[in-house]
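Take 489 as the starting number for the sequence shown in my numbering and just add one per residue.
For each residue, glycine too, the CB sits at the ideal point set by N, CA and C.
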Amino acid sequence: MGNSNLGELVEKPPLDGISRVIFNNSDNHFLASSWDQTVRLYDGSTGTLKCTNFQDAPVLDCCFQNSTTAFSSTVDGHVNQIDLVTNSASLLGKHEAGAQTVTYLQQSGLLVSGSWDKTLRLWDVRKPQSLIGSIQLPGKLYSVSVERDRIVAATSGRHVLVFDTRSLHLAYQHLSSPSSMCNPTTGGTNGINSDNSSSQPNRVVNMPVLPEQGRMSSLKLPSRCIRAYPDGRGYAIGSVDGRVSMEFFDMSPESQALKYAFKCHRRAEEGRDVIYPVHTIAFHPVYGTFATGGGDGVICFWDGEHKKRIAQIARYPTSVSSVAFNADGTLMAIASSYCYESGDKKHPADSLYIRNVQESDARPKQKK
489 MGNSNLGELV EKPPLDGISR VIFNNSDNHF LASSWDQTVR LYDGSTGTLK CTNFQDAPVL
549 DCCFQNSTTA FSSTVDGHVN QIDLVTNSAS LLGKHEAGAQ TVTYLQQSGL LVSGSWDKTL
609 RLWDVRKPQS LIGSIQLPGK LYSVSVERDR IVAATSGRHV LVFDTRSLHL AYQHLSSPSS
669 MCNPTTGGTN GINSDNSSSQ PNRVVNMPVL PEQGRMSSLK LPSRCIRAYP DGRGYAIGSV
729 DGRVSMEFFD MSPESQALKY AFKCHRRAEE GRDVIYPVHT IAFHPVYGTF ATGGGDGVIC
789 FWDGEHKKRI AQIARYPTSV SSVAFNADGT LMAIASSYCY ESGDKKHPAD SLYIRNVQES
849 DARPKQKK
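Structure representation (structure tokens):
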């Protein structure tokens with residue numbers, strides 16, 4: 489049993505760095521991906537391990553399609569599909585460098601992966617030739633979030649790109665049409681490049697899809713994580729220097745006047761202020777407040793609307809690398825896993841926690 493404030497320890501956690509925890513949206517099962525080359529499925533209601541899928545390389549991200557199917561992305565660039573019933577995995581395709589993120593778009597049925605090779609790639613997992621195409625990015629992909637009709641992507645160089653998922657789906661429909669197959673174009677750097685190898689080997693179809701917005705992060709140091717607001721109005725982005733910026737998609741002066749940034753995940757150690765990265769951000773599905781997890785081993789709950797910290801959970805044995813809420817916001821999965829902020833040193837073992845979310849944790853504070 490774990491410390492009740494931190495939550496209950498989950499049995500049989502990954503044995504190396506935990507890169508991601510994520511809940512299924514229809515039950516309390518959650519996935520944990522890890523540098524120990526596994527994707528593990530847990531029952532969040534009981535904290536028990538359901539199955540472990542072994543992969544060929546360290547796993548950087550994972551996501552659900554539904555209760556029986558999941559996806560993963562690995563450090564060798566592979567994008568994999570996992571059958572959670574048979575506990576088997578198959579290769580969808582690969583990037584030219586590490587595949588940092590993988591996200592399933594429920595509305596369109598498409599999969600989006602992002603990589604250090606400076607591309608987003610789209611996949612139709614229903615087809616044998618599943619790769620649809622690539623979108624060139626200005627830098628290495630660090631973090632992606634999808635909410636409603638928008639994909640927000642944070643890359644190296646402090647770039648933030650916003651894509652309309654409806655435009656991506658229209659581009660896919662165009663690429664799948666007979667006229668597109670008969671009249672391919674080549675080249676292009678700001679578009680979807682599709683390798684239709686089943687019908688036209690070695691030819692690349694190009695359909696330009698420009699981002700809806702391209703902007704620079706308001707934070708001065710590299711981005712670590714990005715999450716779109718549940719209401720679709722904007723996004724929160726966290727950086728390596730213990731800061732979070734609250735941004736809005738609407739570029740009107742009135743909306744842009746609402747954006748702000750704040751400091752977090754820092755503490756005094758031996759007479760000096762030590763700053764830790766913000767590794768993870770998760771929005772509560774009911775209240776719209778959000779939690780951040782940092783290299784200081786602390787989780788903070790924030791009311792972004794009123795610019796207040798609601799609660800703090802401290803301290804986990806080591807860095808909080810990933811947090812996730814279940815669909816109704818009553819449970820929280822927490823990965824306590826050293827992220828090497830202080831270099832290669834001896835550190836506590838990786839662990840997973842399940843915590844019951846109290847109303848006092850996540851409910852916005854009323855104005856006095």
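Check	Outcome
My guess is that I769 and F778 are in contact by the Cβ rule of under 8 Å, so how many angstroms apart are they, rounded?	6 Å
Are there 16 or more other CB atoms within 10 angstroms of the CB of D838, so buried, or fewer, so exposed?	buried
Evaluate D849 with the Cβ neighbour count: other Cβ atoms within 10 Å of its Cβ, from every protein chain shown; 16 or more gives buried, anything less gives exposed.	buried
So A520 is in the beta strand (DSSP E); what residue range does that whole segment cover?	H517 to S522
With DSSP run on the structure shown, which of helix, strand or coil describes Y660?	helix
Consult DSSP for R614 and reduce its assignment to one of helix, strand or coil.	coil
Helix, strand or coil: which one does DSSP assign to E847?	helix
With respect to the beta strand (DSSP E) encompassing Q588, which residues constitute its N-terminal and C-terminal limits?	A587 to L593
DSSP puts Y775 in a beta bridge; with which residues?	The partner list for Y775 (beta bridge, DSSP) is empty, contrary to what the question assumes.
With distances taken Cα to Cα, identify the nearest neighbour of H698 among A520, L656, N541 and N844.	Here residue 698 turns out to be Leu, not His, going by the sequence shown. Measuring from the Cα of L698, the nearest candidate turns out to be L656.
Quick one, are the C-beta atoms of S733 and A724 less than 9 Å apart?	yes
Using the rule of at least 16 other Cβ atoms within 10 Å of the residue's Cβ for burial, across every protein chain shown, is G505 buried or exposed?	buried
Between the Cα of R754 and the Cα atoms of A802, Y748 and L529, which residue gives the shortest distance?	A802
Where does S655 fall in DSSP's three states?	helix
Whose CA, out of Y826, F559, N844 and K853, lies closest to the CA of T818?	N844
If contact is defined by three or more beta carbon pairs under 8 Å, each pair taking one atom from either stretch, is the segment 493-511 in contact with the segment 540-558?	yes
Straight-line CA distance for D784 to Y764?	6 Å
Taking the alpha-carbon positions, what's the S631 to T643 distance?	7 Å
Find the nearest neighbour of F737 within the set S830, F789, F771 and I639, judged by alpha-carbon distance.	I639
Consult DSSP for G785 and reduce its assignment to one of helix, strand or coil.	coil
To the nearest angstrom, how far is it from the Cα of V613 to the Cα of N568?	10 Å
Let me check understanding here. Comparing Cα to Cα, which of L619, A823 and R715 lies closest to G495?	A823
Can you say whether H461 is buried or exposed, counting buried as having 16 or more other CB atoms within 10 angstroms of its CB?	Since the first residue of the chain shown is 489 and the last is 856, residue 461 is not available in this structure.
Starting from the N-terminal side, write out each stretch of the alpha helix (DSSP H) that is 4 residues or longer and does not extend beyond the segment 814-843.	none
Look up R508 in the DSSP assignment and say whether it is helix, strand or coil.	strand
Starting from the C-beta of G597, find all residues in its chain whose C-beta is less than 8 Å away, skip the five residues before and the five after it, and write them out in chain order.	D612, V613 and R614
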